Every structure is written in structure tokens, then in C-alpha cells.
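From first to last, the protein sequence lines stand for chains X, E, V, F, S and W. The opening position of the first sequence corresponds to residue 82 in this note's numbering, with each subsequent residue numbered one higher. The opening position of the second sequence corresponds to residue 82 in this note's numbering, with each subsequent residue numbered one higher. The opening position of the third sequence corresponds to residue 82 in this note's numbering, with each subsequent residue numbered one higher. The opening position of the fourth sequence corresponds to residue 82 in this note's numbering, with each subsequent residue numbered one higher. The opening position of the fifth sequence corresponds to residue 82 in this note's numbering, with each subsequent residue numbered one higher. The opening position of the sixth sequence corresponds to residue 82 in this note's numbering, with each subsequent residue numbered one higher. Worksheet: the structure to be examined is printed underneath.
Number of protein chains: 6
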Amino acid sequence: MLNQKLLSEINKDEEFTLFLLINKYETKTSKTGSSYLSLELRDKSSVISAYYWENYEGLLKDIEQNKIVKVNGVLQDFNGLPQIKIKRIRVATDEDKVSVEDFLPVSQRVLEIMIQEFNDVVNSIHNQYLRKLLEEIFSGKRLNDFFNVPAGSNWHHAYLHGLLEHTLEVVKICELMCEIHPEINRDLLITGALLHDFGKTQELNYDASFNYTDKGKLIGHITICALEVEKAILKVENFPEDLKNQLIHLILSHQGKLEYASPVIPKTLEAIVLYHADELSSKSNAYKYAIKSEMNKNGRWTKFIKLADTSLYIPDVNNEFNNSFEEDSI
Amino acid sequence: MLNQKLLSEINKDEEFTLFLLINKYETKTSKTGSSYLSLELRDKSSVISAYYWENYEGLLKDIEQNKIVKVNGVLQDFNGLPQIKIKRIRVATDEDKVSVEDFLPVSQRVLEIMIQEFNDVVNSIHNQYLRKLLEEIFSGKRLNDFFNVPAGSNWHHAYLHGLLEHTLEVVKICELMCEIHPEINRDLLITGALLHDFGKTQELNYDASFNYTDKGKLIGHITICALEVEKAILKVENFPEDLKNQLIHLILSHQGKLEYASPVIPKTLEAIVLYHADELSSKSNAYKYAIKSEMNKNGRWTKFIKLADTSLYIPDVNNEFNNSFEEDSI
Amino acid sequence: MLNQKLLSEINKDEEFTLFLLINKYETKTSKTGSSYLSLELRDKSSVISAYYWENYEGLLKDIEQNKIVKVNGVLQDFNGLPQIKIKRIRVATDEDKVSVEDFLPVSQRVLEIMIQEFNDVVNSIHNQYLRKLLEEIFSGKRLNDFFNVPAGSNWHHAYLHGLLEHTLEVVKICELMCEIHPEINRDLLITGALLHDFGKTQELNYDASFNYTDKGKLIGHITICALEVEKAILKVENFPEDLKNQLIHLILSHQGKLEYASPVIPKTLEAIVLYHADELSSKSNAYKYAIKSEMNKNGRWTKFIKLADTSLYIPDVNNEFNNSFEEDSI
Amino acid sequence: MLNQKLLSEINKDEEFTLFLLINKYETKTSKTGSSYLSLELRDKSSVISAYYWENYEGLLKDIEQNKIVKVNGVLQDFNGLPQIKIKRIRVATDEDKVSVEDFLPVSQRVLEIMIQEFNDVVNSIHNQYLRKLLEEIFSGKRLNDFFNVPAGSNWHHAYLHGLLEHTLEVVKICELMCEIHPEINRDLLITGALLHDFGKTQELNYDASFNYTDKGKLIGHITICALEVEKAILKVENFPEDLKNQLIHLILSHQGKLEYASPVIPKTLEAIVLYHADELSSKSNAYKYAIKSEMNKNGRWTKFIKLADTSLYIPDVNNEFNNSFEEDSI
Amino acid sequence: MLNQKLLSEINKDEEFTLFLLINKYETKTSKTGSSYLSLELRDKSSVISAYYWENYEGLLKDIEQNKIVKVNGVLQDFNGLPQIKIKRIRVATDEDKVSVEDFLPVSQRVLEIMIQEFNDVVNSIHNQYLRKLLEEIFSGKRLNDFFNVPAGSNWHHAYLHGLLEHTLEVVKICELMCEIHPEINRDLLITGALLHDFGKTQELNYDASFNYTDKGKLIGHITICALEVEKAILKVENFPEDLKNQLIHLILSHQGKLEYASPVIPKTLEAIVLYHADELSSKSNAYKYAIKSEMNKNGRWTKFIKLADTSLYIPDVNNEFNNSFEEDSI
Amino acid sequence: MLNQKLLSEINKDEEFTLFLLINKYETKTSKTGSSYLSLELRDKSSVISAYYWENYEGLLKDIEQNKIVKVNGVLQDFNGLPQIKIKRIRVATDEDKVSVEDFLPVSQRVLEIMIQEFNDVVNSIHNQYLRKLLEEIFSGKRLNDFFNVPAGSNWHHAYLHGLLEHTLEVVKICELMCEIHPEINRDLLITGALLHDFGKTQELNYDASFNYTDKGKLIGHITICALEVEKAILKVENFPEDLKNQLIHLILSHQGKLEYASPVIPKTLEAIVLYHADELSSKSNAYKYAIKSEMNKNGRWTKFIKLADTSLYIPDVNNEFNNSFEEDSI
């Protein structure tokens, strides 16, 4: 595990030496005709653009996307955005003992505990059809992808293991609703909660950056999940037709509205609970990280956030009544 | 084949004797306390409410939904809507030689010709993966349902064989677009056109009235179709992944907008063509029948039509330049 | 406490004798010129229209809105809606020992337990400004109204003590979110949860039927609550300005979107949590009761529900995997 | 009062010497590594960015936001936007006899006349409760703020005394409507017109630039005004409850639609008049200034204006029939 | 001029004898099989349905739509709506000295005064092209229609001379805006105000009831007006092209938004003023009449009004501060 | 006809010598104070920005917008967009034998064939009123404009003769619909199809670049067309009123929805067919060119396209089943 300062901790005008991952790179020409190397570099905490004016031709034959480089540079400000002026740069070697995962953001929860919680939830399902279906789906490469994939490319739970973390939150909220409403079919709802975003395992790449796959863009994670469930059910003998329809309905309707890309809207008690539990988990996480990522800046307001349609208020942690964020900023 | 006058041809205050299908029935009490039998009766052309005041108790043990009765009655007007006052009524027997299909609306095109056109289209597909997929899907009970089901419960092509008629129209429009744009992948587009509404075979009942099934309401014909295609592709060896994604994209996006219940919007040339070809076929049919069904009434405007968000103008067929509707009113 | 059969348990054509509350009444003339008394009667379970043809003039001088009557009648069906044909009717007397509350729907949770939970939550607030504010607001007549008022006139928690039940659910969901996100300012969020719908105490009448007040229609419960909090804060010495702004923001933004009548949208982490917690509690309750109220009818679907924009699916409790609703139908 | 050329009158490539206000400033690094001082400077007429390459370190310890500087520079064009190249710059001293207000845009109406009109309107209110309320609200610092604050940060009446100017226009329009409709409650409507945007005194800062306050963003001027009115009414003995509800309704509903941030829509005759009078005053002012600020440019169309969702047509003042703008361009 | 009690002044159960206009009529059959005559009758104040059970066959050959009858009857209530039980009825003769206009609602302003105001406005236009255009358009039958037609079928200014009354209000509001903003091209704006709804002269019938014409429904008053102006301009020599475009733009954009059926949105200062002046005049009038028509009923709220999307508050005229409506109720 | 390499065929860093058209030009100053000439140059295939640092003052007196220059330069990349660094440049002379049309994009269909098809369609109209109207409209300069103008500035059929090409496609689709639905009034529909976008002849300039005219922005092509048809009908004796209303309705409603700038929505069978035929032709063309213009780039997706609200998928022409685009890329 790589142990170095985070990009987010570097101050303006500070000089640093860090391993960083190449997101993309390109040669460019300035207006005055000189050419230089333009890169986008990342670590766990940030993605920042960089440039290198020195004779970079020797470097060009070695670097490629998703390779790791060791960089000595200075953090500058360009039109209000941070930018790295590279002084020296070399490609990392085996002896540097660094790997791609060291540079991707990752859930702050402990993976093993999340897996334990996940297994406990699966084991709590009494309905044998649903239990077998879950065991069929959550196995082999599919299970591995499910444990690792982020829940999104940059909005909520947008880090490794993010889908698992999000799924467990939705399950917990649903379990609370089952306590309040004994009328809810718990096995059905919890199975739906476990599966609702499973299609993201095929919708998103997470090997070096978080991008949507062709299949993800053409089909979408909602339908991908329905197709996987339909095929898995073929392997569960005598799976009841009515139960299948209700379960697939849960998956299809979990985004709640047609304009949010659900092809049907919630028509069962379990479906309306799942929709709002999903909203609660995803929006809370998204707003928290949007605020955290700008807490160290000046001012009480984040930049305008398109998905929230507003700037967010950053509480003043020096006020006694506001200090919750204080101790565990990113 | 039953040969009798159509309900739509009966005039106000006219007495008639006709076989009719019972859509539903119920005993009711009038405000003054008398009880009577209230029914909804249909033939190919109309659905009209009816009532029967005489001692109907004997009748009650014989009638049920979707049974055929022979009715002697008078057509009256109640608050602007037609209503049948039944004088005599009896349940039809085998000797009457009538069957349920005699009372359902049916496409005005000849079924055999449509089936021939359909087979010709399937045979025109050169891509072997798509050809095999079509042969897999369009077989057995599935093919039979596809030939018979209406395309909707009451808007466009809402009659027996309606889905087949609609599908062939969409295919013809798509073929014209292939002539205009050689860049279109014809095999892909025509396969998409043939399959786009196939899910309606499971979304709609058409045995005696046209109703949505539980599965239809919980899952919807778009996802039903995607699930069927996914399973059928399991039986076509080596079906290319990219081709599958593009085909399922065609099915998912054919309603064009998220708010029209497509979970993805059109992202390929073929998808945008299919969406608008479907709109053109369905809206033209819907508006034509909405106008036809009110041509014999007074006035130049139909009643307000919710799905069109307007009344429609009924051309005056006595004007020489307007007489297209004249010779073939329903 | 009145102990009699519920209106919802009476079958069609069944004769019954029950105490019922008069929602409204009017004399009417039939088309044939006779006049009669038309009433709307209610008990805890239903509101049903009724009529009385006998010489009702003597009755007229005694009855008025919100009075209780003893009715002997028969349940009939009029155009698909239930209707009571009254045979005999008299105004209730003191000796009948019935009171208005016996005829209003009421929360199924035990009031004392809810009050205990409420007090525990208030006592858990450590911030002294917020604690004092809560004690100021929740006192005297205001507290009494808060414990009794429904949370709405006919959608969610639309019964006596409904606001208290709803508030406790929102608090529980918020507490779960505080466990997941230690960054949340718990005292602020829980105070906001306790107060968010407090304005409904002035927005709704609940003495005999649940109607909106003039003030409720002209001002709305969101602004009413903000005005009450502003005035109560005048009585808490040195209440911090920033804390006040954040708290009033929580109240104003809790409906989440401008088009849902919030004058500002959520701009803090606490505000986004409160909005979705409120949605989860209110929608779950509303859908549950919408399904429950039609479970005894034929068919697997409720009538179309405008606020849900759909019919809801009624699970078949004879299926082993669906039987959660079974034991505690209303 | 400062007497110097306006920034809007400087031509491209013209050299000038002017006092200007620092809106903000920052040191930046160019791509080629040199550092320079980047500023945003304003006078009454414009806000323009500027840069200074010379040895600016000495300057840095003296300048700060909202300070005034004397600048010798040249107006250049950078990517279609004006930009000042600073040659010499120094901080203004007491002897320069300039003050911040000299650099903020200001209403073109004479303040004293507006105040006289305002007083006349207040004095015309006969209803003693409303009269006392107005005298309570419009006093002390509140009155001073009301006379000075702009009505917005950059759309309509976005200059000093702008709220007063806007308020008087709305009053005049409302008075005309009272002449047309004697049914209107004049005292109520005019009081509502005087108060409708009063909350902007707390929503906007206007000391050196026009920015939204934290309270403004968290609460909004509509609710701020309602809270102030509620508290002021506490000081007016026996203020009738019905009158208070109608008045607060006027304030809350004056933006006309929920999606425009009014928590209730207009439900009284006075409310619908106030909403449209406000629209008429604000939109006319906004469009006039949007056109004026681009009249000297080439072309008959302004740039695209987001809040108008279009470019605006600039009439050709050389056409005799179009010359209204001619004599009094800004 | 007919001098008789208004239908709106008749109380429930009151017997009366009045001349009334037949809006429509029809023979109907009751559920019990008897037939009767159903009519819709109107005077200036109301439209009410009526029925006549006696032997009406003799009457049938004499009555027709838009004929006047003398009716002796009783006002009853049927499902909350008023209904006339006719006892005696006969067709009016020449000797009765009644005419259709006596039964249509009419502006409460004096026609001659409005015509004088209209002429003064036309005469105030200095631009000779616009002046000639106005004289061309407002002449002969077109002028007569303009003076008589209502401004709508049932929303605002929905009575004879309503378009003239509405036009003069819009002109007055525009003139006030010209005083506030000397930059406005007064001749252009006032000409636009005079013409903006002129197309309604062809969009609406007003001979006996206010209905939309076929042309009105197919083309709409906005385009009708543009077509008339275009043709009239052919008769004004050398009408400047730019002036024509700006004038037609005023007409086309006066409904302000595409979704309100304007094919272009306001892009000039005059256009934005005209749009909001039209809104202010029409909405004020509509809300006033909606409130007035229910002032005599019980309760402080009108029925739900679809075009206002709300019920409206009826002020209590017994409150001293609310009594503006008092003296001149309809 | 100019015969030279297309701009779209030049590779990055390639040096070239080409005649190009000046779209616009301007002198600018760089941040370091040097001044240079900035231009926008075009040929049939692309519009690219360019810059020239050498002593350009001599050039300035000769160049102007829409003049042709001969350029020797290099294609570079600036922030991901292509940019021309000009080495040498001179204004073209008569001897160069180049003209403006050589530099505008043009339909790929043969003009003479399109004109023949157009004439055949006009000749197929039997109704003499419509035939004469078409001959009146399509004559002289109007016909010439109709043959040359593009159908839009940059979305569909955005090239010379584009309106003619688009019109013929719409006619073909309408003719297919006439075959399917004999109820359609063919003469009316085809006349509407020929005229529907005719207003674009006045809405768009196409002399050197494709821009909207003042009239186009103030009136819009829909109303322009209606005005032209109205005036042309004045010259056709006895043109039936009903036919005129239906025809103008077709023109007005052909964009299908109010929010798409149609002032009325389709209310006839012909209008709904025309709307969807127009959509099918325009969207297919727009998507095809959007894909084609990016086929040579890396990646399977185009850039985000605002009017499609998505990126588009670029099929892999190396897949046998996808090769339709292969042979005729732009």
C-alpha cells in the first residue's frame, strides 16, 4: 500500500515529489508556437492537469494511459484551477512497488466488514427461491465485480467498493422500514435492495478510471440487471411467476420516475420504499462528499453543483454547534 | 362468421335484435329502490351500456362475463351517451353458431396477405444471426400471439391482428428510409422494426376484451421484449455482443424519450429512424380511427381526445376536395 | 369507547344499525319532483353517502353538521359506489355515550408510547439553544395540537395522532442516517425533523373532519412553522444567528423542490437528509393504506390513485411468499 | 461626487487614467511560468478584468478588496471581452476625495423625489392597522437599507436605490389597476406592493458589490419579509387575524408560481394584481438595460441573455420611427 | 332593453316568470322510460339547465336554438347544480319586444365612452404608417366586430364589448409604462396594444353564444391577426419593412411563451411590455369575475378554478377593511 | 468548380496550401502584449479558426468578410480543437477562378434530378386551387431561393439545396402514408408537404454563411410561410375558405407541439402525418451527418450533441454486420 502525501493536501506553490497515475496525455502547441506535453494526473484524492515544457520526446515512447509516473513539480493556479508544473518526471518501475489501485479513490469503510454484513444479509433471506437466486447471481466474477465497482463515475459512492457500501446502506434503511411496516414483504424488499444497482457491474469500468462501457450507454444498468436476473432465474427450479414479476418490477422501478430512466414507476409498497431508500442513501453521500471536498477553501459555499442545482452551505466548524464535520474531514 | 347489423349502424329509438357479447354485468338499485340488471354489451363496432328491468333473476344464473346473448331492445340516449333498453334477452346456444371472435374489432386488412408480407420481410434479412433470432422468436405460440394480438387496448391499431398490421407499416416506413439513407444498417433496423412491440404479446390479453396483464403492468412491453430477445439469443450460437447491444438498444429506445417509458433514448441512426417510424404509423392510425368513429355525427369536430390533447377536425365529404374519407367509412 | 361494527365491514345489501357522524346534509329534489334528505355519514373507517325518503321534516330541526345519529339502513350500490338507504334515523343523546372522536380515524400506534418516544427524542438534544426552543414550541395548546392533529387530510398519516406518528418515523430514519454519517449535525437534524411539519397544527382542522383552514390555504404549513419558530426564538436568549438560519432553512426546504412548495431547495447535508427521510416516511404510509383499503375487493389492483399516478398492485396473500399483509389488515 | 469618464465610454486601444474600485484580485502564473497580478476593477458603468505584469510585490501589501485605486492603462480585447493592461497603479488616498459609492451603479431617478413619492404613498393608506405596520417596518436602519439596496444583483433595477425605484413602479401600476377595478382593496394591495420585496434588504449586500448574503441564500427574501412582518405586527395592537393572513399571502405569492419560489400561488384578487404588476416592472427594466448596454455595438442583436432565453433586438435609432432610445442612452 | 329579474338573483325553490334564450335543447328518456324535453336556458347572468315533462310535442315544432321563450318555473337543486323545473313555456313573439342581445352578458362599461377612448388613442398615433394601418384595419364590419366581440368564451372579459374593454385596459397600462420608460417606442407599442387580440373578431362567434369558429380552432387568433395586418399593409404605401417586422413580432409574441401558443417569444422592449400588460389586464378581470360570481354563496372560497389552478379567497365584506367588493357586486 | 483537398482531410501537423473563405476576422492582443490577426476560415467541409502573427497590416486593407484567400499554413491542435497557423496568405484574384459557392457545403444529391422530382410532384396535384397556388408560390426569385436555401443553419440538411432535398423526402414519406391510408386527402397533404418549410427562404441567409435574418428571428419561418400563402391565395380566384383554413393549419401545426413553436397543434389527419414525416426526415438526416462527421476519429462515440441530448454511437465498420457506412463516408 502506497504511503505518500495526497494531492489534495498539497498547497499552492508547494513543491512535491509523488507517484501519480496518467489519466490521459497529449502534445500541444502554445499560441506562440512552442510545443509541450499536457497531462492529466491523478491519485486517490484528486485529478489535476499538468504540463511539461522540457524536452519530453524521450519520455513519449515510454508513457501511456493508466501508467504510473514519479513526478517532481510545483502546484500552481491557472484561471482558478490547480495545475502542476512538472520539473522532472519518470515512469515507475517494478522496484517502486506501486500499482494502479493505489491511485483510485476507495471507500472509507473496511472491506472485510462490509463483506461480512453483506453475507449476513443474504443469509437472512428465508424465501428459498430468492435465496437461491441471490446465490446464483452473487458468485464468481460477478461477486468480485460487485465488491469492487463504484456506484457511479463521479456523483455518489464514486470510489472502489462504492456499490457495496451503497447497497448496504439501502438495505439498512429498508430494514428500518420493515420494522415500521410489518406489512412489507421483507424477503422481497431486501432481495430487491441487494440487486437494485447490480447492473452497474457491467455499466462501469473501474480498472483505472471510472467510465461508462458501450453496453452501459446502450442498455443502462437497470435493464442489464433485469436481463441478468431473468437468466439467473432460469437456473432456479419453479421460481414463481408472480414473485419474478414483483422482483423485476422492483429493479425496473427503483429510480422512481420515468424521466429518471425507470421504464415503470413504483406500483407496490416494496417498490416505493426501495425508491426512496435509494434516494436517501445516494443523495446523502453525494452531498457529504461535495461539501467535504471544499471544506478547506475560503468561504461558506461550495461551487455550483449541477446535480444539486445549487451551491451547498459549508458549516463553520469553529461554531460549537456545527463541529460534526471537524474531526473526520477527508 | 356472424352476419348481422353493427351496433354503430343502429339509430336512436330504433328497435333491433342482435347477438352481443357481455363485457360486464351487475345488479343495481335505483334511487327509488327498485333493482335492475345493468350490463355492458359489445360487438365489433361499439361498447354500449344496457339495462333490463324485467324479472331478471332467472337470467342471473346463466349469464357471465364474455358470454354471448341474443338481445331484443331499443337504442336510447342517456345524458348524451347511447344506452340499450332491453326488452327480451337470452343466452346464446351452440345452435346459434356464434363465437367470441365475432364480437371483437378486427383489422380491415386480409390476414393472409399480412402474413405473406411478414414472411417476405423475415426472409429478406441476410445477417444470419439476426435471421436465426427472428426464426427463434417468431415460432409456435409466440408467433400465433404475434399474429392476433392488438397493438393497444384502445388507441392505435386497437383490434385483432393490430400488432401485425402496425409492425408491417413500421417496416415499410423503415424500408423507405433505407432507400434514402444507404448508411442505415438495414438488417439491424428491419429486425428492430419486427421486434419493437413484440412484448405486447405478453402485455395484453385479447381473448374477449383488450386488457393489460399483471406482467404487462409490472414490467411493460419494452422490458418484456428485451428479456425475450436476451433468452432467444442464448440459442443462437456466437451471436456477436456488439450486435446484441445495438439490437436491444433499438427495442429499449423505440419510444424515443424517457418520459414515454424508454429507459434509454435513441443513440444510433437506426434507433432514431425506428422511433419516428413508430410514431408515424401509430399516430396516423389513431387519428384516422378517432375521426372515422365520429364522422356520422353532427358537427365538424370530434369530442376532446385526451391522447391528442385536442378535438379533431372532421372534413366535410360533401366538399369535392375533401372526399377521401367518403367511400370507405367504417 | 364505542364498540360497533365498522362501515368498511358491512357487505352489499346487508342491513345494519350503527351510530354515525354527519359530515354534511342537504335536501334535494329528484327528477320526478319528489324531495328527500341527502347526507354524508362517516365512522372511523369510511365516508359514505346516504339518503332518506320518508317524511324527514321532523328530523331537519334537530340535525346539524358533526352531530351523531343512530341509523338503521341497508348498504346498496349506486353507480359502483356504496350508498346507504336509511330506513330509520334519530339523533344520538347523552345516554348513547358516543362522542365525535369515536368516528374519526386514529393512528394504530398506542398514543402513550408515542409520547414517551417523543419525550426521549427531545431529551436527547444536547444543544441548549435548540433544546430550549423545542421546550418553548412544544408546550400548552401547541403540544396538545401536535399530539392530535393528522399529518394530512387524506393522503399519508391521515388520522388522529398522525403527525406525531409521522414525526417519530422521520426522526428514526434521520437517526439511522446519523449513524451512517457522523458528519451530520445530529442536534440540528433531529430538531428539524421534530419541527418540520409542525405548521400542520394550524393548517388543518381535525375536530370533526380533516379540512384545511383559511390560514392553511393562504399561508401554508411551511411558512406557518417558520413564523412560529422565529417568534419562539425571540424567547431563547442569544440564540445564534447562523444556527437560526440553518434551522429555518431545514424547515423551508424539507419538501425538496420549489414545485413541491418549498421556497428554497436543500443546501445543507442535514436538509437533503430531512427531505428524503420525509419522503420515505410519508410515501410508505400512503401506499400501505391505499393498498390496505382495497385488499378485500376483487382483483389484484387498486383504483387509479392520482397522487401515485398509477394503480397499485395488491399482493396475493394466499401466496406463501406474499403473506405479510395477511394478519393485520385494517 | 467623482467626475471622470466612464469605463463604458473608453474605446478599444485607448489609454486612460481613472479611479477604479477593486472587486477582487489574485496573483496568477502564466503558462510560461511568469507570475502577474490579476484584478477585477469596476466603476458605475462596468466591471472589467485587468492585469499588471510589473513588479507588483510592493503593491500587494496595500491593496485589498473594495479599496479604490488610481489606474493608468490601456483597454484591450481578449477573446472578445475587454481587458485592461495596467501601466501604472496606486492606492487612492484621502486627498483623492473618492469613496466607494462613486463606483457603484445608481438609479437614474432623483433620490429625494423618490422618497417624497414613497412618503406620499404611505400617507395615502387609510387602514390604521396597515398604516401602523408600515410605520413600524419602515423606520431606522430598515428604512435606510430600503432606500439604498438594489432590487437584484444583476438582472432588474440592479443599482443603488433600485429597490425603491422598483417599489414605486409597482405601486403606480397597482394604483392604475385600482382605478380600473374598484373592487380591489386598495389599502391592502398598496401595502403589499410597498412590502413585497422588502426582504431584499437582508438578502443582498450592497456595500461594495451586490452579493447574496448567507441568510439570503438559506432563507430567501420572500420568507425574510414574512418573518419581519410577523414580528412587526406583534407591535400593532389588535391587528386583525384575517387581514394579517391576506397580507402575508400577498408577500408569499408575489412571485406567482411555485417554481418561481413562491410557497403559495395567488388566491386573492390583490395577489394576482401584485404578481403581474411586479412582473411588468421588473421585466421592462431588465430588458431596457440589457438593450441599452449593447446599443453602441455593431449589429441589431444583443448577446444571448439567459434570463430572457433569447437575444434582444436593438432598434435602429436612425430610423425616424425608432428613435425613442436615442436621446437618453446610458 | 329588457327589464326583468336576473337568473342569478332567483333563490332556490323560488317560482318565477322570465324571458330566456334557448342555448340548446333535446328530447331525452329517463331510466324509467318516460321521455321529456331537456333544455339549456340563459340570460345575461347565467346559463342553467331546465326540463319540461308535460306534453311538449306541440312546442317542439316552434322552438329552435337561439330562440327566446317565456318560462314559468321553479329553481331547484340537482346534485349541487341549479336546475329549472318548467311549469309553462311559450315562444316569444314580436309583441314581447325582446331580442337576443338582451340575453347575452355585456360589459359594465358604457359603450359610447369606450368608443370615444378608442378613437382618442388612435388619434394619438403620430407615425403615419401606423396611423394609416389602424384606419385601414378598424373600418367597416371589422370595426363593428371589434366593438362587439367578447375577449374570450368564458375566462376574461367574456361578454359583449369585452375585447374593446380589454384592449383599452392594455393601452392604459402601456401608456403608464411609456411614462416610466421614455425609451419605449410609444406609437409602435400602442399600435401593438390596439391590434394584439384583434384576431378574436374571427376566432369567436358572439351572435347567441360565445363559441370558437372553425377558423379560430384551425388557425388561432394570433395568426389570424398577423394575416390581416399583412394584407392591410399592402394598402399602405411604402410601409417600412423593419417597422412591419417589429409590429408583427408584437402581435405574434404577445402571449409571451411558446407553450402559451406564441410562435416567437418577446425579443423587443415593446414586446415584453405588451405581454405583461396583457397578462395584468386579463388575469385581474378573470379573477374578479370568478370571485364575484360566488360572493353570495356560503363560505370564503370559490369552487376550484382550473385556469387559476386553485380556489380563490372571497373577502368578508362585513370586515371594514375588506369592503371594496360590497357596493358593486354584479 | 474548385478542385482541391478538403479541410476535413488535412491531418494534424500537415502543411497545406488551399483557397479558403473568410467567415470573420479580427485583430487581437495576446496576454504578453503582441498583436495578431485572428480569422475563421471555411471550405465545404469545415469551419476552422486561424491566426497570423507576421506583419499583417498590409493585408488588413484588402480582406473582408466573405472574401476568398489563398492560405499556406499548418494544421495544429489548440485545446482539442483544430487551428490553422498561417504562414503565408493573399487575397484571391479573378485569375484564381474561385467563387463563394465553392466554399459552402452542398447537398450530395444531383440538383437536376431533385428539380425533376419536384416538378413531377407539383404536376401530380389534381386539385386546381392547390395546383394554381403552388404555381404562384413556386416562381421567379421565390423558386430560385427554394431550390438553393439550406433547411437549417447547422442541424439537418444544413447545406445548399438542403431545403429541396428535405422537402422531397417529406413528400415521399407522405406518399407512402397515402398508400397505407386512402382516407388521407392526398392533394392537401402533398401541397402541405411542399410548402411546410417554404418560409425558410426568408428566414435564412445562404450567400456566404448560413445565418438567421432579422425577419427570421422576429417572425419565424412558420408565420412567414402562412403570410406568403395568404397573399398568394389572393391571386387564385375562388380559393375555397375551408381548404385555405386546412392548408394554413397544416403549415402552422407542422412542428407538432406548442413548445416547438407551432401556434396550433395538429387537428387533422393530414396534419399529424405531416408532423411526423417532417420529424422522420429531419432527425434521420441530422443524426447521420452527426455520426459521419466523427467517423474517422478514435472511439465509438461522438461528442455530446445538445439537440440529441446524448452522444451518438459510431458503428464499427470493420464488423461485417455494421458496414453500411463504410463505402460512402463524407
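Quick reminder that beta carbons are idealized off the backbone N, C-alpha and C, glycines included. Values in this document were obtained by computation on a predicted structure and should not be read as measured data.
Looking at the backbone, the Cα of A358/V and that of Q164/S are separated by about 50 Å.
The three-state reading of DSSP puts F385/X in coil, since its state is none of H, G, I, E or B. Ranked by Cα distance from A352/F, the options S365/S, L88/S, D295/S are led by S365/S. Between the alpha carbons of A371/F and I395/F lies a distance of about 10 Å. Residues of the same chain with a CB within less than 7 Å of the CB of T110/X, apart from the 5 flanking positions on each side, are S116 in chain order.
When secondary structure is reduced to three states using DSSP, F219/X falls in the coil class, being assigned neither helix nor strand. Residues of chain S with a Cβ closer than 7 Å to the Cβ of K109/V are, in chain order, D158. Ranking F228/F, K296/F, V181/F by CA distance to the CA of L328/V puts K296/F first. Between L192/S and H262/S, the CB-CB gap reaches or exceeds 7 Å. Using a CB distance cut-off of 7 Å, L308/V counts as an interface residue toward chain F.
Between I271/F and N92/V, the alpha-carbon positions lie close to 59 Å from each other.
In summary, Q283/S is buried, with 16 or more beta-carbon neighbours lying within 10 Å of its beta-carbon over all protein chains present. In terms of Cα proximity to K148/V, the closest of V251/V, K348/V, E264/V, S180/V is S180/V. At a cut-off of 7 Å, the C-beta of Y341/F has no neighbouring C-beta in chain S.
A straight-line Cα-Cα distance of about 18 Å links D94/E and I170/E.
I194/V counts as exposed, since fewer than 16 other beta carbons sit within 10 angstroms of its beta carbon. Using a Cβ-Cβ cut-off of 7 Å, L299/W counts as an interface residue toward chain S, since at least one Cβ of chain S sits closer than that to its own.
When C-alpha distances from N319/X are compared across K168/X, H207/X, L214/X, the shortest belongs to L214/X. Taking 7 Å as the upper bound on Cβ-Cβ separation, chain V lies near residues R381, Y394 of the segment 369-398 of chain S.
By a beta-carbon distance limit of 8 Å, K105/V contacts Q146/V. Their separation comes to about 6 Å. The beta-carbon distance between F406/W and V398/W, rounded to whole angstroms, is 6 Å. This is short enough to meet the 8 Å contact definition. Between K151/E and A173/E, the alpha-carbon positions lie close to 6 Å from each other.
Straight across, the Cα-Cα distance linking I254/F with L355/F is about 9 Å. Sorting K369/S, H330/S, G280/S by C-alpha distance to the C-alpha of P347/F places K369/S at the top. Taking 7 Å as the threshold, the shortest C-beta distance from V354/E to chain W falls below it.
Interface criterion not met: the Cβ of E217/V is under 7 Å from no Cβ in chain X.
Per the C-alpha coordinates, the member of K316/F, K338/F, Y287/F positioned closest to N225/F is Y287/F. Per DSSP, reduced to three states, the secondary structure at A307/V is helical.
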